[in-house]
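**Student:**
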Amino acid sequence: MVTSSRLAVVSGGATGIGREIAGAFAAHGDRVVIVGRRTELLDQASREINETVGSNVVIPVGADLTDPAQVRRAADRISALGDVDVLVNNAGAISTPPADDGLDALAASWHRDLDVNLITAVLLTNALLNRLTRPGGRLIMISSAAAQRGGAGTHSAGSYAAAKAALHGWAFGLARQLGRDGITVNVLAPGYIQDTDIFDGQDTPDFVATKIADTLVGRTGTPADVAAAITYIASAEAGYLTGQVIGLNGGAVLGR
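Going from the sequence shown to this note's numbering is simple: count from 1 and add 59.
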């Protein structure tokens, strides 16, 4: 195992993609804070990753990142551990479609998607902004291919695609702002990734087959694919990579 003194923070780190990213950092010897609202899952993930790497390097911090007060408390706990070398804003979800056809239900659905997929990243990033390592910090947003080509259907509703797309413009501004401090800011936009709970049972065999048919490589993505990409973006070797939206989708969405 490569030793490291970095501190990485991964939101939504208890399950799926976030957990895989946390495990990859821990395997490289980083200390890792995983943040989320489901404390039981956070505790389980940290315990299992720590057992795998043979060291207590993963620290769970429970917080609802849509709540500014909880974000402040989480940031205080994280700041007590030292400067943050890597912040991965992975928290997000696809909300339930509007309860009915009324504007009130539509507004509630959109506000929820914006809160969960955009505001969580905005609040946590700003709460930790002054603790990002200068120079050398890495700020990473997890977006979606839906932000690049638009969402369709209950699995990728318009509000989800719009919320993820908002991360892009915000990240570009942060890249301009923080570049002078030696901090890179990038967005990773995965396509369909299996073995996550974001689709909540909607990933039927027919659904998965459709997603595979969209790719040029004939397979779905995995959380390990995402973790490998994040490991590079967060590395010292990626110091010249900033202000980019990087597609990770098997060719389902071609680069522009």
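Idealized CB from N, CA, C, for every residue including glycine. None of these values were measured; they are calculated from a predicted model.
Identify every run of the beta strand (DSSP E) within the region 279-314, keeping only runs that are complete inside it and at least 3 residues long; order them along the chain.
**Tutor:** Here the runs fully enclosed are 303-307.
**Student:** Specify whether the region 176-189 and the region 115-131 touch according to this definition: at least 3 beta carbon pairs, one from each stretch, less than 8 Å apart.
**Tutor:** Yes, the region 176-189 touches the region 115-131.
**Student:** Roughly how many whole angstroms lie between the Cα atoms of A83 and L162?
**Tutor:** The straight-line gap from Cα to Cα measures roughly 43 Å.
**Student:** From G141 to N149, what distance separates their C-alpha atoms?
**Tutor:** Each residue's Cα considered, the two are about 21 Å apart.
**Student:** Measure from the alpha carbon of A222 to the alpha carbon of each residue in G195, I76 and I178, then state which is nearest.
**Tutor:** Considering only alpha carbons, the answer is I178.
**Student:** Kindly indicate the opening and closing residues of the alpha helix (DSSP H) around N136.
**Tutor:** Looking at the sequence shown, residue 136 is not Asn but Arg. Its alpha helix (DSSP H) spans residues P127 to S138.
**Student:** Less than 8 Å separating the beta-carbons of D144 and L237?
**Tutor:** Contact: no.
**Student:** So within the region 233-280, which uninterrupted alpha helix (DSSP H) runs reach at least 4 residues, ignoring any that extend past its ends?
**Tutor:** Complete alpha helix (DSSP H) runs here, min 4: 264-273.
**Student:** Which same chain residues, not among the five before or five after S138, have their C-beta less than 8 Å away from its C-beta?
**Tutor:** Once the five neighbours on either side are set aside, the close Cβ partners of S138 are L187 and R190.
**Student:** Hey, out of G228, G77, I199 and R315, whose CA is closest to A283's CA?
**Tutor:** Checked all of G228, G77, I199 and R315; the closest Cα to A283 is G77.
**Student:** Among the candidates N308, G71 and I292, whose CA atom is the shortest distance from the CA of Q253?
**Tutor:** Out of N308, G71 and I292, N308 has the C-alpha closest to the C-alpha of Q253.
**Student:** Going by DSSP, what residue range makes up the beta strand (DSSP E) through L101?
**Tutor:** Looking at the DSSP string, L101 is not in any beta strand (DSSP E); the run it does join, the alpha helix (DSSP H), is T98 to V112.
**Student:** Would you call the CB atoms of T243 and L198 closer than 8 Å?
**Tutor:** Cβ atoms of T243 and L198: closer than 8 Å.
**Student:** L198 bridges to which residues according to DSSP?
**Tutor:** L146 and V244.
**Student:** Inspect the CB distances between the region 150-161 and the region 298-312 and report whether three or more fall short of 8 Å.
**Tutor:** No, because fewer than three Cβ pairs between the region 150-161 and the region 298-312 fall closer than 8 Å, the two stretches do not touch.
**Student:** To the nearest angstrom, how far is it from the Cα of T263 to the Cα of L300?
**Tutor:** So the two alpha carbons sit approximately 37 Å from each other.
**Student:** So, at 8 Å on beta carbons, what are the nonlocal neighbours of V285 in its own chain, with the 5 sequence-adjacent residues on each side left out?
**Tutor:** The answer, listed in chain order, is I76, E79, I80, I201, L247, P249, I252 and L307.
**Student:** Specify, as a first and last residue, the run of the beta strand (DSSP E) that A2 falls within.
**Tutor:** The requested residue 2 does not occur in the structure, where the chain is confined to residues 60 to 315.
**Student:** Taking G121 and T98 to be in contact with their CB atoms under 8 Å, please state how far apart those CB atoms are, rounded to whole angstroms.
**Tutor:** Right, their Cβ atoms sit about 4 Å apart.
**Student:** State the DSSP-derived secondary structure class of P67, mapped to helix, strand or coil.
**Tutor:** First, the residue type needs correcting, since residue 67 is Ala and not Pro in the sequence shown. In this structure, A67 counts as strand in the three-state DSSP scheme.
**Student:** Who are the near neighbours of G209 in its chain, counting only those whose CB is closer than 8 Å to its CB and skipping five residues on each side?
**Tutor:** Around G209: G217 and A220.
**Student:** Going by DSSP in three states, R90 sits in which element: helix, strand or coil?
**Tutor:** Three-state result, R90: strand.
**Student:** Can T281 and V267 be called in contact, C-beta distance under 8 Å?
**Tutor:** No, these two residues do not count as a Cβ contact at 8 Å.
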